[in-house]
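This note's numbering numbers the first residue of the sequence shown as 3 and each following residue consecutively.
For glycine and all other residues, C-beta sits at the position ideal for the given N, C-alpha and C.
For reference, the structure discussed in these notes is given below.
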Amino acid sequence: MKSSSKKSAIKWLLGGFTAFTLTISLAGCSQTAEESPELEKTTDASLAETADYVPASADGPAQNVPEPRLPISATEKSEGGAKATLEYFWEAIDYGRLTGDTTYAELVSSDTCALCSDLISGWKRVYEEDSWAVLHGKMALKVQDVNTEDEAKESIAGISFIMTEPAVDFYEAGKYLEEDSFDTESSADWWAELSFDETSERWQIEWIGVEDHLSEDQQ
Numbered sequence: 003m004k005s006s007s008k009k010s011a012i013k014w015l016l017g018g019f020t021a022f023t024l025t026i027s028l029a030g031c032s033q034t035a036e037e038s039p040e041l042e043k044t045t046d047a048s049l050a051e052t053a054d055y056v057p058a059s060a061d062g063p064a065q066n067v068p069e070p071r072l073p074i075s076a077t078e079k080s081e082g083g084a085k086a087t088l089e090y091f092w093e094a095i096d097y098g099r100l101t102g103d104t105t106y107a108e109l110v111s112s113d114t115c116a117l118c119s120d121l122i123s124g125w126k127r128v129y130e131e132d133s134w135a136v137l138h139g140k141m142a143l144k145v146q147d148v149n150t151e152d153e154a155k156e157s158i159a160g161i162s163f164i165m166t167e168p169a170v171d172f173y174e175a176g177k178y179l180e181e182d183s184f185d186t187e188s189s190a191d192w193w194a195e196l197s198f199d200e201t202s203e204r205w206q207i208e209w210i211g212v213e214d215h216l217s218e219d220q221q
């Protein structure tokens with residue numbers, strides 16, 4: 003792998019590059035109830051994985067990747083519920099980075115979340131174009147602070163956290179893309195805003211991103 007120069011896979015994906023010809027939309031998520039996995043499908047621990055997990059490699063993308071499970075605690079209108087939802091979201095993004103299936107991330111993404119939409123559409127496009135990622139580890143979250151409050155009959159939560167991305171190799175049609183791969187992990191301070199949907203009884207991510215960009219997006 004080449005030197006990463008402190009870059010990250012997320013910045014690479016959102017910036018796009020010619021080999022993958024990614025087109026990232028800032029219109030937000032277009033999730034509907036029919037397109038999202040049912041809650042019980044993500045929480046039923048009795049659904050055992052029947053095939054062995056095969057990590058991604060130069061030979062091809064990962065196979066039989068364990069599906070993320072939305073924990074029951076994520077349905078609680080509490081700080082713990084908001085935190086569990088955020089952790090699930092990044093597990094679902096990791097799943098999408100390994101498979102191209104981003105429906106699990108859509109489950110907790112609001113249609114106002116631009117970065118959610120970018121990640122969901124971006125990783126889906128990568129795999130549609132016969133490309134894949136080899137992750138050298140998982141996303142690691144260190145939650146620093148969680149605040150919840152009721153505002154205009156709506157429960158909202160703000161979460162500050164440090165996210166560390168693993169090193170990653172990118173492949174297209176079996177070709178290793180050295181210039182677009184990252185050989186070291188990277189960390190940054192992030193912020194997320196969530197709201198609690200009383201109808202679905204779960205938290206939805208309304209905004210997520212690097213803290214430095216928060217004030218810019220709110221102007």
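Using the C-alpha atoms, what's the distance from residue j back to residue i?
{"i": "V128", "j": "L121", "result": "11 Å"}
{"i": "Q65", "j": "R204", "result": "30 Å"}
{"i": "A175", "j": "G102", "result": "15 Å"}
{"i": "D132", "j": "Q146", "result": "38 Å"}
{"i": "L72", "j": "E78", "result": "12 Å"}
{"i": "L88", "j": "D113", "result": "16 Å"}
{"i": "A159", "j": "R99", "result": "26 Å"}
{"i": "V56", "j": "V67", "result": "7 Å"}
{"i": "S119", "j": "W92", "result": "13 Å"}
{"i": "F198", "j": "E156", "result": "7 Å"}
{"i": "C115", "j": "G211", "result": "10 Å"}
{"i": "E40", "j": "E108", "result": "Residue placement at E40 cannot be trusted, given a pLDDT of 46 that sits under 50; the coordinates are not used to answer."}
{"i": "P63", "j": "A76", "result": "30 Å"}
{"i": "D54", "j": "G82", "result": "32 Å"}
{"i": "D61", "j": "E200", "result": "45 Å"}
{"i": "W209", "j": "S123", "result": "16 Å"}
{"i": "I74", "j": "Y90", "result": "11 Å"}
{"i": "T25", "j": "L196", "result": "Annotation note: pLDDT 28 at T25 (below 50); position unreliable, coordinate value reported separately. The alpha-carbon atoms of T25 and L196 are separated by roughly 26 Å."}
Just grab the DSSP bridge partners of residue i for me.
{"i": "E167", "result": "S188"}
{"i": "K144", "result": "I164"}
{"i": "I158", "result": "E151, S197"}
{"i": "Y173", "result": "W134, Y178"}
{"i": "R204", "result": "D199"}
{"i": "W125", "result": "DSSP, once it has assigned bridges, lists no residue as partnering W125."}
{"i": "V110", "result": "Per DSSP, none; premise fails for V110."}
{"i": "S139", "result": "In the sequence as displayed, the identity of residue 139 is Gly instead of Ser. Answer is none; G139 lacks a bridge partner."}
{"i": "S59", "result": "G62"}
Measuring alpha carbon to alpha carbon, tell me which residue in the options is nearest residue i.
{"i": "T104", "options": "W125, A194, F184", "result": "W125"}
{"i": "E1", "options": "N149, H138, D147, G176", "result": "Here the chain has residues from 3 to 221 only, and residue 1 is not among them."}
{"i": "E213", "options": "P73, E89, I161, F91", "result": "I161"}
{"i": "M141", "options": "A159, T201, T186", "result": "T186"}
{"i": "F163", "options": "E153, N149, E156, V170", "result": "N149"}
{"i": "E181", "options": "V170, I74, E200", "result": "V170"}
{"i": "S202", "options": "E69, S123, A86, V110", "result": "V110"}
{"i": "L80", "options": "P70, Y90, E108, D152", "result": "The residue you asked about is not Leu; residue 80 is Ser in the sequence shown. With distances taken between Cα atoms, S80 lies closest to D152."}
{"i": "A135", "options": "A194, K177, A53", "result": "K177"}
{"i": "I207", "options": "M165, K85, G62", "result": "K85"}
{"i": "D191", "options": "A58, M165, A53, E200", "result": "M165"}
{"i": "S2", "options": "A194, K144, L179", "result": "The requested residue 2 does not occur in the structure, where the chain is confined to residues 3 to 221."}
{"i": "K144", "options": "A94, D61, I74, W193", "result": "W193"}
{"i": "I95", "options": "E195, L117, L196", "result": "L117"}
Pop quiz: residue i and residue j are said to be a contact at Cβ under 8 Å. What is the actual Cβ separation, rounded to whole angstroms?
{"i": "F172", "j": "S188", "result": "Contact doesn't hold; Cβ gap of about 15 Å is too wide."}
{"i": "Y97", "j": "E130", "result": "About 16 Å separates the two Cβ atoms, so there is no contact after all."}
List in chain order: all unbroken alpha helix (DSSP H) runs of 4+ residues lying wholly within the segment 62-101.
81-101
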